[in-house]
Amino acid sequence: MDDAMGPRVLLCVCLVSLLALQAMPAPGQASGRSKGSQKRQAVDTTVDGVFIRTLKVNCKVTSRFAHYVITSQVVNTADEAREVAFDVEIPKTAFISDFAITADGTAFVGDIKDKVTAWKQYRKAAISGENAGLVRASGRNMEQFTIHMTVSPQSKVTFQLTYEEVLKRSLTQYEIVIKVKPKQLVHHFQIDVDIFEPKGISKLDAQASFLPKELAAQTIKKSFSGKKGHVIFRPTVAQQQSCPTCSTSLLNGDFKVIYDVNREELCDLLVANNHFAHFFAPQNLTNMNKNVVFVIDISGSMQGQKVKQTREALLKILGDMQPEDYFDLVLFGTRVQSWRGSLVQASEANLQAAREFVQRFSLDEATNLNGGLLRGIEILNKAHESLPELSNHASILIMLTDGDPTEGVTDRSQILKNIREAIRGRFPLYNLGFGHNVDFNFLEVMSMENNGRAQRIYEDRDATQQLQGFYRQVARPLLVDVELQYPKDAVLDLTQHHHKQYYEGSEIVVAGRIADHKLGSFKADVQARGEGQEFRATCLVDEEEMKKLLQERGHMLENHVERLWAYLTIQELLAKRMKVEGEERAKLSSQALKMSLAYQFVTPLTSMTIRGMADQDGLKPVIDKPPEDSLPLEMLGHRRTFVLSASQPSPTRPSSDFKQLPTQVTGVDNDPHFIIHVPQKEDTLCFNINEEPGVILSLVQDPDTGFSVNGQLIGNKARSPGQHEGTYFGRLGIANPATDFQLEVTPQNITLNPSSGRPVFSWRDQAALRQDGVVVTINRKRNLVVSLDNGATFQVVLHRVWKDSAVHQDFLGFYVLDSHRMSARTHGLLGQFFHPFSFEVFDLHPGSDPTKPDATMVVKNRQLTVTRWVGAPQHVCPELLCICFRLSGPSSRCHMGGGSFLGRCHPAGSKE
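Taken in order, the sequence shown gives residues -30 to -1, 1 to 882; the numbers are from mature numbering (1 follows the signal peptide of the UniProt record, and there is no 0).
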């Protein structure tokens, strides 16, 4: 990274993706490339018989929560197998939530489980000492995800990786950085960033470092208005070429999107789906005067470039001090020395004397870290006690070291105790670890215990800029002792809501769950201390505004607010467990693991495994959260290439298989219209159920396996007086008690095993889940598919309604795609028709509608009056000829007998 880029990486918390998808020659073959045409449009994009058809990055940001999906399709046109690599980099702070490979019409989907279970499953790798992990640490802020696999001749493979992160504000902006490096020309390349911020977007910019200015203006489209911002980058193949006659790509660098939100209103409180997110970043506050002590390691290991860069950074930082600030310098090696031994004002004379001290100090031998920190703490504590005017300043302690303590107190637990007892929560401690020979975890724990944070300074030519960049983030304190308070009876599971200091250009984010029925009383109170005065503010939830936001952003808003809370909670639990041992650590680990599994995040406690794949040694791929000190991929020995197993049944089929329903189908939809396909008569029956909202109907019950499907009715909210109240399915429960499988589906969420707090998805998600012989595939095309190992397949369709629709509430449809392996004893409103049955229609006579004659029908030994309806509307019946009738009464109801919604139910009058 060049000098100019150094501070920018530190100044902004970035979402970064390095996209690299490269065709590799098969072992033992040369890598050939067709000669490019003299014309741009005729350039050959194929490398060794392989071309990249699509490479797309889709990023959706909703109130700082960023959801990324990287999708790429590679086509092997050769007559032999070829090796390809899917290579991306994601931020260390992001959580992977999904990965899938689709080849030859079969999808191989990642399965997230606790790390212990995952590694037991693939213990062969552990026993052999090998590592089939796909993710390794990469550089300063990144993790590299790489998988090599063999693609069959004349076939294609699609990779899809999903990861998520909360964007952090730094120096007045949020920054999304996608490092683009496809390594060859791509037929359809696209980066699409969609931003929704309820308070409105104040600025939005996008730039590509690898494009000439004129070409960037042609290919990058950006716009924002009100709450919405959009950036799209879609270069043609010709625009990707590094020269008019080249077959190489110029896409190699950073693509950045920078934005901020409107700050005119102090309150930014978002509530959706019983979760809230509070964003606190007040503007137009007076900078507080500060007391700062720099504690610097001058041990022998700092010699050379490190001490040179440290001097340069200190000199520039001293130049940024404000005249009202107070400061001192402490140096520690074998001995501890301070420049003044007490705080002095940042006058020009004092600053000049400090510069001279920095330029002439010499290195010492050992590392008395404990002594150096205690001296710095003592200076700040004495100022607080003896100089009342300084006690109202914002005090900060910054320590820089490059190694382990070797002098004085060296026991880490004792050092932590000493520092904690000396500071006593009065001010934050920021630890900077210089290089890789430092115990960074130790520095992290020490900072967290004292209201600060740790940051690694990398040994590179831009280390001076890294040090300056860190200081700029804390140089302008605006508030201290910030306390965000919420009604105790209204909130649950609150994230960190006390912050020692708030700095200019940053943002404090608090999230939590809202107790049922407490929205009306929900508010947030903020108390803090600013320059010369107390700071107080109250924020109330604007319910009407929340309703408007939900209409604008729909269920993505609900999903993102909840996942934002989950992300922050998991991060905090992982941080807290670093500070404790024994039973308390185990408890925090258990809580973090439970949430990681519930929200399907790959964290340090979980792993994602991919079934149906193996490398040449039989090892299965594993996706882990790598430790920071893990070796890069290039240092792990020979490259592993995975092959999809043709003999192993696939976990699921790709979503494209289910875009359309069959023309002949059994199911229930709309008000609710039950549609029964009768193949033996080449006919279709349809009937309606007249029941009240809230009634639960038994749709499918298989007593041999315990499998069941129940549906709960909802009403039409916009019914006019005297109008028939239409009812629709607003909740479906699918369960199999034999395997503890439960799935609850509503128009808002899809919940796996709701009784155990397991994963919650929205209809905007693309996911495939497998549990105990059941595969659930969520397709963004507003449907999900449930496939059982015994061959039964069902589909749930989501119906969105619009403002002027006759129906004013979203609802669900349920269809049976395959039921031939369900037992003959299966019953329920749909289940009773799964196996062949006969019916007769006779006594055709005029009905109340002369265009639709009535008749008598005998079906399942019941005699009914029915209406013959020719040319029925498509939404009622997919066939042109339908026999329609209405049923009412208790025979359609599901009597739970005290059981839960997700379980077996017995229609009135039925007998097992």
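Glycine included, each C-beta is placed from N, C-alpha and C at the ideal position.
Nothing here was measured: the structure is a model prediction, and the numbers come from that model.
Between the CA atoms of residue j and residue i - distance to the nearest angstrom
i           : j      : result
GLN210      : PHE21  : 14 Å
THR16       : HIS157 : 10 Å
PHE412      : PRO597 : 15 Å
ALA353      : PHE397 : 12 Å
residue 897 : SER566 : An answer regarding residue 897 cannot be provided, because it is not within the stretch -30 to 882 covered by the chain.
PHE677      : GLY801 : 11 Å
ASP459      : ASN244 : 14 Å
PHE246      : ALA536 : 11 Å
LYS557      : GLN497 : 31 Å
VAL648      : SER789 : 13 Å
ILE427      : GLU453 : 31 Å
MET605      : GLN322 : Low per-residue confidence applies at MET605: pLDDT is 47, beneath 50, and the placement is therefore not dependable, though the value from the model is reported in the following sentence. For MET605 and GLN322, the distance between alpha carbons rounds to 48 Å.
ILE190      : LYS595 : 33 Å
LEU462      : VAL314 : 46 Å
THR376      : VAL45  : 58 Å
LEU713      : ASP372 : 52 Å
LYS549      : SER383 : 10 Å
residue 888 : ARG431 : Because the chain here runs from -30 to 882, residue 888 falls outside it and cannot be looked at.
GLN307      : ASP267 : 11 Å
ILE593      : THR579 : 6 Å
LEU386      : MET416 : 6 Å
GLU355      : VAL262 : 16 Å
ILE82       : GLN177 : 36 Å
LEU563      : PHE410 : 24 Å
ILE659      : VAL767 : 19 Å
ASP49       : PRO123 : 5 Å
LEU181      : LEU220 : 8 Å
PHE731      : PHE35  : 15 Å
ASP84       : ILE540 : 14 Å
ALA522      : ARG701 : The question names Ala, but residue 522 in the sequence shown is Glu. Distance between the alpha carbons of GLU522 and ARG701: 23 Å.
Delimiting residues of the alpha helix (DSSP H) encompassing residue i
i      : result
HIS354 : 339 to 356
SER188 : Before going further, note that residue 188 is Gln rather than Ser in the sequence given. Where GLN188 is concerned, the enclosing alpha helix (DSSP H) stretches over 183 to 189.
ASN401 : Segment 399 to 404 is the beta strand (DSSP E) holding ASN401; no alpha helix (DSSP H) there.
ALA568 : 552 to 568
ALA392 : 382 to 393
8 Å contact criterion, which residue i and residue j should meet: CB distance rounded
i           : j      : result
ILE146      : LYS226 : 7 Å
LEU527      : LEU519 : 6 Å
TYR456      : LEU464 : 7 Å
LEU367      : TYR296 : With a Cβ gap of about 13 Å, LEU367 and TYR296 do not count as contacting.
ASP298      : ARG310 : 5 Å
ALA708      : THR675 : 6 Å
residue 886 : HIS530 : Examination of residue 886 is not possible in this model, given that the chain is present from -30 through 882 alone.
Exposed unless 16 or more other CB atoms sit within 10 angstroms - verdict on residue i
i      : result
GLY303 : buried
PHE249 : buried
ALA794 : exposed
LEU534 : buried
PHE440 : buried
THR508 : exposed
PHE812 : exposed
GLY289 : exposed
ARG734 : buried
PRO168 : buried
PRO214 : exposed
GLY342 : buried
VAL13  : buried
Residue i, enclosing beta strand (DSSP E) - first and last residue
i      : result
THR128 : 125 to 136
LYS173 : 171 to 178
GLU810 : 809 to 815
GLN160 : 156 to 166
HIS245 : 245 to 250
HIS805 : Premise fails: HIS805 is in no beta strand (DSSP E) and is neither H nor E.
Every unbroken beta strand (DSSP E) within the region 659 to 719, with a cutoff of 3 residues, ordered by chain:
666 to 671, 678 to 685, 697 to 706, 711 to 715
Quick check on the DSSP output: what are the complete alpha helix (DSSP H) runs of length 4 or more inside the region 409 to 453, in order along the chain?
410 to 419, 433 to 444
Completely contained alpha helix (DSSP H) runs for the region 256 to 322, where each covers 4 or more residues:
275 to 289
Secondary structure, beta strand (DSSP E): runs of 3+ residues fully inside the region 194 to 240:
198 to 203, 223 to 231
Go through the region 519 to 549 residue by residue and report every complete run of the alpha helix (DSSP H) that reaches 4 residues or more, in order.
525 to 547
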